[in-house]
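Enquirer:
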Amino acid sequence: MAKSARASRTKANNQALKKKVFGPVETARNERLNAKLLELAQQPKEKMEVEQEEPAETTTAKDSEPAGDMDLDESTGRPQRSKREIKRLQDQARTQRVEKNKRKKPRNQVTFPSRKKKGGKK
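Take 1 as the starting number for the sequence shown in this note's numbering and just add one per residue.
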């Protein structure tokens, strides 16, 4: 009888499987991943070649321009649009879409056969 997922026998069997079969597989996988990560961490890091600028130029540039004035939108060259304008443009695009006629048979019309044929093929 007790074949449901909540049956104590099924739970005991699943716990035994987790402990005996899937547990060692998972620990072996974790060990492999750990070894791979340790190997990557112990490799010498490659140094990137970066052009060094004079420190005096960087400090004067930082002092002359406040950090809050930088906009990413201005650097791309596009004008910044307000949320209201974006919403208006989206509404216009929605109204200008072309509605395509669907040629599917409506699913809510169920038809029943008027007569049942008796007999079969001979």
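Note that the Cβ used here is the ideal one computed from N, Cα and C, for glycine as well.
Using the C-alpha atoms, what's the distance from Val50 back to Ser82?
Expert: Approximately 39 Å between the Cα atoms of the pair.
Enquirer: How many angstroms separate the CA atom of Ala41 from the CA atom of Met48?
Expert: 17 Å
Enquirer: Give me the Cα-Cα distance between Thr27 and Gln43, rounded to the nearest whole angstrom.
Expert: 25 Å
Enquirer: Does Val25 come out as helix, strand or coil in the three-state DSSP assignment?
Expert: helix
Enquirer: Alpha carbon to alpha carbon, how far is Val21 from Leu37?
Expert: 25 Å
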